[in-house]
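Enquirer: The structure is given below, and queries will be raised subsequently.
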Amino acid sequence: MTMLTTMTKAFATSVAICLTAASVALAADIAVVGGKTDDAFWSKIKKGVDDARFVVETNGGKVTYLQLQTYDNLGPDAAGLVRTAISQGVTGLVVPNWVPEAEDEAIKAAADSGIKIILMNAGSLDKAKELGAINYVGSDEYLAGIAGGEYFGKNGQKNVLCVNTLPGSANQEARCKGVIDGITKAGGTGKQLPLPATSFGDPTAIAEAVKATLTQDGSIDGVITIGAGDADAAASGIQQAGKVESVKLGSFDFNEAGLDRIKNSAQLFAVDQQPYLQSLLSVSLLASHIDFGTDLPVKPVLTGPGIVDASNIESTLSGVSKGAR
Amino acid sequence: MSSKTASQPLAMGQTSTSSNVSGFSVGGLFRRPEAGAFLGLFGVFAFFLVFGSIDFLKPAGAASWLNVAANLGIVAFPIGLLMIAGELDISIGSMIPAGSMTVAIISGYYELPIWLGIAASLALGVFVGLVNGILVVRTNVPSLIVTLGTLFAVAGLVLGLSVLLTGTTSVALKAPALAKYLFGQFVANTFQVIIFWWLALTALYVYVVHYSPWGNWIFAMGGDKISARNAGIPTARLTIALFVLSSTSAAFVGMCQAILFNSAQVSAGMSFIFNSIISVVVGGVLLTGGFGSIIGIFFGTITFAVVNQGIYFTSFDRNWSSLIIGVMLLLAVLMNNTFRSMALSYSPKKK
Numbered sequence: 001m002t003m004l005t006t007m008t009k010a011f012a013t014s015v016a017i018c019l020t021a022a023s024v025a026l027a028a029d030i031a032v033v034g035g036k037t038d039d040a041f042w043s044k045i046k047k048g049v050d051d052a053r054f055v056v057e058t059n060g061g062k063v064t065y066l067q068l069q070t071y072d073n074l075g076p077d078a079a080g081l082v083r084t085a086i087s088q089g090v091t092g093l094v095v096p097n098w099v100p101e102a103e104d105e106a107i108k109a110a111a112d113s114g115i116k117i118i119l120m121n122a123g124s125l126d127k128a129k130e131l132g133a134i135n136y137v138g139s140d141e142y143l144a145g146i147a148g149g150e151y152f153g154k155n156g157q158k159n160v161l162c163v164n165t166l167p168g169s170a171n172q173e174a175r176c177k178g179v180i181d182g183i184t185k186a187g188g189t190g191k192q193l194p195l196p197a198t199s200f201g202d203p204t205a206i207a208e209a210v211k212a213t214l215t216q217d218g219s220i221d222g223v224i225t226i227g228a229g230d231a232d233a234a235a236s237g238i239q240q241a242g243k244v245e246s247v248k249l250g251s252f253d254f255n256e257a258g259l260d261r262i263k264n265s266a267q268l269f270a271v272d273q274q275p276y277l278q279s280l281l282s283v284s285l286l287a288s289h290i291d292f293g294t295d296l297p298v299k300p301v302l303t304g305p306g307i308v309d310a311s312n313i314e315s316t317l318s319g320v321s322k323g324a325r
Numbered sequence: 001m002s003s004k005t006a007s008q009p010l011a012m013g014q015t016s017t018s019s020n021v022s023g024f025s026v027g028g029l030f031r032r033p034e035a036g037a038f039l040g041l042f043g044v045f046a047f048f049l050v051f052g053s054i055d056f057l058k059p060a061g062a063a064s065w066l067n068v069a070a071n072l073g074i075v076a077f078p079i080g081l082l083m084i085a086g087e088l089d090i091s092i093g094s095m096i097p098a099g100s101m102t103v104a105i106i107s108g109y110y111e112l113p114i115w116l117g118i119a120a121s122l123a124l125g126v127f128v129g130l131v132n133g134i135l136v137v138r139t140n141v142p143s144l145i146v147t148l149g150t151l152f153a154v155a156g157l158v159l160g161l162s163v164l165l166t167g168t169t170s171v172a173l174k175a176p177a178l179a180k181y182l183f184g185q186f187v188a189n190t191f192q193v194i195i196f197w198w199l200a201l202t203a204l205y206v207y208v209v210h211y212s213p214w215g216n217w218i219f220a221m222g223g224d225k226i227s228a229r230n231a232g233i234p235t236a237r238l239t240i241a242l243f244v245l246s247s248t249s250a251a252f253v254g255m256c257q258a259i260l261f262n263s264a265q266v267s268a269g270m271s272f273i274f275n276s277i278i279s280v281v282v283g284g285v286l287l288t289g290g291f292g293s294i295i296g297i298f299f300g301t302i303t304f305a306v307v308n309q310g311i312y313f314t315s316f317d318r319n320w321s322s323l324i325i326g327v328m329l330l331l332a333v334l335m336n337n338t339f340r341s342m343a344l345s346y347s348p349k350k351k
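Here the protein sequences come in this chain order: G and P.
When we follow my numbering, the leftmost residue of the first sequence carries the number 1, and every step to the right adds one.
When we follow my numbering, the leftmost residue of the second sequence carries the number 1, and every step to the right adds one.
What follows is the structure, encoded as structure tokens:
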């Protein structure tokens, strides 16, 4: 009798295990390829993945974050992680298209083997269509620039200077071009200030370049920098030129000092690409597509430009303290 | 003076003694090692006055190159001395962000007293300098390679620790009034207070290098290290001291930057490596060592800063900045070198 009960129990358990295994195989099994999480940007992406994981796991699926060990060999390493994901038999893949030449072949192979793909952070909708991915979730540097330029225009600025400490880099050129086009559309003018390589990473040289340019051209009333650290230097340049009242500062991305300036009205705004949203949305959209067949008609999904200014500084600061901003 | 014999081959670098003997002469003045550097600076000034505007010499304009020169100059002096002694230190490129991140993490992130942050930042400079110096002296590996190693090691350490401790790569710092007054204020709203540190250090270096036996020792080491040691100069201790000086100076500049800009990031400072070597060479120090002067480095640093910042006072398209900087620096060095060889080979007419 007891023997029979034990056997029945064992049988029931093994059936249950088989059923569970079967339901796991049917639910979304998603791999996310990303950067090193010790980097401020990717740690926010990681938080988005972890938060989306709750939804995926509730429906019986799972999410793995495959991270690069270094950035020295970006394209081939990312392609390697994509192939790892294929061999793990995942049903969904979220991957940044950093180096198309190196990664496209692997991403196509994943699509051919039936894996559903979303391009995240780097790429475009055209690229997503070409590779058979269902969507692109990320930002567009040129559109982010336009948003910055238009924000200046809306705030009454007429002549904006885009300080570019990395002239020649495609991303930064796109940002500055966007700023100039944005302020022009709003009825003002703008120009780029490309700094020589000897100034890169020297806040004094950047501050003095901004100060000298503001002193030479009295009509400039807006300054935007391509990075958060450069904004610290530009703020000092504006202050030295004695133009804190008349010249407004903006920046792409932000750091703690920048948020303090926005809080104290020493900086107008910062343009944010909201990395947390990139992974949160990618993973949940993909899981829902695999599990329930949904398809979001919004393509591409742009997570930026988000604007941080005096109106939302408090909620941004609380987001920073929780590791999502 | 025990180093009298050793100082023989460096009469070129030490003309102060010869001019003292012969009294004042225009020829003697022009044969000083810094004369060429001064002429280079003069040429650069003339260029920007012609193509730029007079704003360049007004206080606000002057501050724009003095501020850059002061930050660079404090690092350029010890780099110049190392080059005179036949060594090189490129780890300063990561010591600058290391200095600023140390003070920002300790006094900004953990909100400990600023003096602790400043002391820790300078102590880190002393420590890295000791590592550099001892490795160079003990292993005989060229100092370029040793400091290349510490350059990356310190950069990695700063990035790793900063992410581990604070979770970010950029830390804000609000220094109390006294620290701000001493290290990070704008005098008359435009001159960084570090300019005064730089001027004071210039005076100190001029005394030590040109009027104390230490200076002769450094020149002797660059001229011929073996003979210098045989002549009784403590070359090992002196080399270590110079490395300590350079990385502590770099940490000092980084610390001042963090206090001035209320913020520190792990990535800044690499441009200082190249810029300081350029300033030193423009200032007339030979890449082979054994020749140079503090005043020369002083003028060289100003020349570099003027060439870099002067461009913003001209109407040239900014896309050409780097080209103009390159050509101007080359002209300044050529002027300096041609003049020096003319001056040194000049012999007065026999009466």
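A virtual CB, placed ideally from N, CA and C, is assigned to each residue, including glycine.
1. Could you spell out the range, first to last residue, of the alpha helix (DSSP H) harbouring Lys225(P)?
2. Closer than 8 Å, Cβ to any Cβ of chain P: which residues of the region 194 to 222 of chain G, in chain order?
3. Quick one: what does DSSP say Ala78(G) is sitting in, helix, strand or coil?
4. Mapping DSSP to helix, strand and coil, what is Phe51(P)?
5. Any residues in the region 317 to 335 of chain P with a beta carbon nearer than 7 Å to a beta carbon of chain G? Which ones, in chain order?
6. Using the three-state DSSP reduction, which class does Ser3(P) fall into: helix, strand or coil?
7. If you run the structure through DSSP and keep just helix, strand and coil, what is Asn164(G)?
8. Would you identify the three-state DSSP class for Val266(P), choosing helix, strand or coil?
9. Would Gly99(P) and Phe196(P) be called neighbours here (beta carbons separated by less than 8 Å)?
10. Could you please give the first and the last residue of the uninterrupted beta strand (DSSP E) stretch that includes Asn155(G)?
11. Would you call the CB atoms of Ala207(G) and Val223(G) closer than 8 Å?
12. Tell me the DSSP secondary structure of Val21(P) in three-state form.
13. Starting from Pro194(G), follow its DSSP beta bridges and name the residues at the other end.
14. From this set, Trp98(G), Leu93(G), Gly258(G), which residue's C-alpha is nearest Ala122(G)'s C-alpha?
15. Using C-beta distances below 7 Å, list every residue in its chain close to Lys47(G), excluding the 5 sequence neighbours before and after it, in chain order.
16. Report yes or no: do the region 199 to 212 of chain P and the region 148 to 158 of chain P share at least 3 C-beta pairs separated by less than 8 Å?
17. Counting only Cβ pairs nearer than 7 Å, list the residues of chain G close to Ser170(P).
18. Provide the residue(s) that pair with Ser170(P) in DSSP beta bridges, ordered along the chain.
19. Select from the region 179 to 207 of chain P all residues with a C-beta closer than 8 Å to any C-beta belonging to chain G, and list them in chain order.
20. How big is the Cα-Cα spacing for Pro142(P) and Leu242(P)?
21. Go ahead and label Asp317(P) buried or exposed: buried means 16 or more other beta carbons lie within 10 angstroms of its beta carbon, across all protein chains shown.
22. Answer yes or no: does any C-beta atom of chain G fall closer than 8 Å to that of Phe252(P)?
23. Quick one: list the residues of chain P neighbouring Asp260(G), beta-carbon separation under 7 Å, in chain order.
24. Would Asp89(P) pass as an interface residue toward chain G - the criterion being a Cβ-Cβ separation below 8 Å?
25. Check whether the region 228 to 235 of chain P touches the region 50 to 63 of chain P, taking contact to mean three or more Cβ pairs, one atom from each stretch, closer than 8 Å.
26. Just the C-alpha distance for Ala25(G) and Leu296(G), rounded to the nearest angstrom, thanks.
27. Using a Cβ cut-off of 7 Å, pull out every chain P residue sitting near Ala233(G), in sequence order please.
28. Hey, how far is the Cα of Asn387(P) from the Cα of Trp198(P)?
29. List, in order along the chain, the chain G residues whose C-beta lies closer than 7 Å to that of Met270(P)?
30. For Tyr346(P), which three-state DSSP category applies?
31. Return no unless some Cβ of chain P is closer than 8 Å to the Cβ of Ala40(G).
32. Can you give me, in chain order, the residues of the region 72 to 90 of chain G that have a beta carbon less than 7 Å from any beta carbon in chain P?
33. So the alpha helix (DSSP H) Asp50(G) belongs to, where does it begin and stop?
34. What's the gap between the Cα of Leu161(P) and the Cα of Asp39(G)?
35. Just confirm the distance between the C-beta atoms of Val369(P) and Ile294(P), as a whole number of angstroms; I'd bet it's less than 8 Å.
36. According to DSSP, simplified to helix, strand and coil, what is Gly283(P)?
Expert: In this structure, then:
1. In the second sequence, the residue the question calls residue 225(P) occupies position 225. Where Lys225(P) is concerned, the enclosing alpha helix (DSSP H) stretches over 225 to 230.
2. Pro194, Leu195, Pro196, Ala197, Thr198, Ser199, Phe200, Gly201, Asp202, Pro203, Thr204, Ala205, Ala207, Glu208, Ala209, Lys211, Ala212, Thr213, Thr215, Gln216
3. Working through the first sequence from its first residue, we reach residue 78(G) at position 78. Here Ala78(G) sits in helix by DSSP.
4. The residue labelled residue 51(P) in the question sits at position 51 within the second sequence. Three-state result, Phe51(P): helix.
5. Arg318, Asn319, Ser321, Ser322, Ile325
6. Against the second sequence, residue 3(P) aligns to sequence position 3. Bear in mind that the predicted position of Ser3(P) carries a pLDDT of just 39, short of 50, making it unreliable; the figure below should be weighed with that in mind. Ser3(P) falls in the coil class under three-state DSSP.
7. Mapped onto the first sequence, residue 164(G) falls at position 164. Asn164(G) falls in the strand class under three-state DSSP.
8. Taking the first residue of the second sequence as position 1, residue 266(P) is located at position 266. Val266(P) falls in the coil class under three-state DSSP.
9. Stepping through the second sequence from its first residue, residue 99(P) is reached at position 99. Stepping through the second sequence from its first residue, residue 196(P) is reached at position 196. No; because the gap between Cβ atoms is not below 8 Å, this pair is not in contact.
10. Taking the first residue of the first sequence as position 1, residue 155(G) is located at position 155. Careful: Asn155(G) lies outside any beta strand (DSSP E) and carries neither H nor E.
11. Residue 207(G) sits at position 207 when you count from the first residue of the first sequence. Residue 223(G) sits at position 223 when you count from the first residue of the first sequence. No; because the gap between Cβ atoms is not below 8 Å, this pair is not in contact.
12. Here residue 21(P) is taken as the residue at index 21 of the second sequence, counted from 1. Because Val21(P) sits at a pLDDT of 42, beneath the cut-off of 50, its placement in the model cannot be relied upon, and the point is left open.
13. Counting from one through the first sequence, the residue named residue 194(G) turns up at place 194. Per DSSP, Asn164(G).
14. If you number the first sequence from 1, residue 122(G) lands on position 122. That would be Trp98(G), whose Cα lies nearest to the Cα of Ala122(G).
15. Locating residue 47(G) in the first sequence gives position 47, counting from the first residue. Within the same chain, Lys47(G) has close Cβ partners Tyr276, Gly323, Ala324.
16. no
17. Taking the first residue of the second sequence as position 1, residue 170(P) is located at position 170. What Ser170(P) touches in chain G: Ala228, Gly229, Asn255, Glu256.
18. By 1-based counting over the second sequence, the position of residue 170(P) is 170. Its beta-bridge partners are Gln265(P).
19. Phe186, Asn189, Thr190, Gln192
20. Looking up residue 142(P) in the second sequence gives position 142. Looking up residue 242(P) in the second sequence gives position 242. Taking the straight line from one Cα to the other gives about 15 Å.
21. Walking along the second sequence from the start, residue 317(P) turns up at place 317. Per the 10 Å Cβ criterion, exposed.
22. Position 252 of the second sequence holds residue 252(P). False, the Cβ-Cβ gap to chain G never drops below 8 Å.
23. Indexing the first sequence from 1 puts residue 260(G) at position 260. Residues of chain P passing the Cβ test: Ala172.
24. Position 89 of the second sequence, counted from the first residue, corresponds to residue 89(P). No, Asp89(P) does not count as interfacial toward chain G.
25. no
26. Along the first sequence, read from residue 1 onward, the residue named residue 25(G) stands at position 25. Along the first sequence, read from residue 1 onward, the residue named residue 296(G) stands at position 296. For Ala25(G), the pLDDT reaches just 48, beneath the cut-off of 50, and the residue's location in the model is therefore unreliable, although a value from the coordinates is still provided. For Ala25(G) and Leu296(G), the distance between alpha carbons rounds to 24 Å.
27. As a first step, residue 233(G) must be located in the first sequence, where it is residue number 233. Per Cβ cutoff of 7 Å: Phe261.
28. One cannot answer for residue 387(P) here, as it falls past the ends of chain P, which runs 1 to 351.
29. Here residue 270(P) corresponds to residue number 270 of the second sequence, with the count starting at 1. Here the neighbours are Gly201.
30. The residue you call residue 346(P) lines up with position 346 of the second sequence. Note: Tyr346(P) maps to coil in three-state DSSP.
31. Within the first sequence, residue 40(G) is the residue found at index 40, counting from 1. Cβ-Cβ to chain P under 8 Å: yes for Ala40(G).
32. none
33. By one-based count along the first sequence, residue 50(G) stands at place 50. Looking at the DSSP string, the run of the alpha helix (DSSP H) that includes Asp50(G) is 40 to 58.
34. For this step, residue 161(P) is matched to residue 161 along the second sequence. For this step, residue 39(G) is matched to residue 39 along the first sequence. About 12 Å.
35. Nothing can be reported for residue 369(P), as the shown portion of chain P is limited to 1 through 351.
36. Here the question's residue 283(P) lines up with position 283 in the second sequence. Coil, per DSSP.
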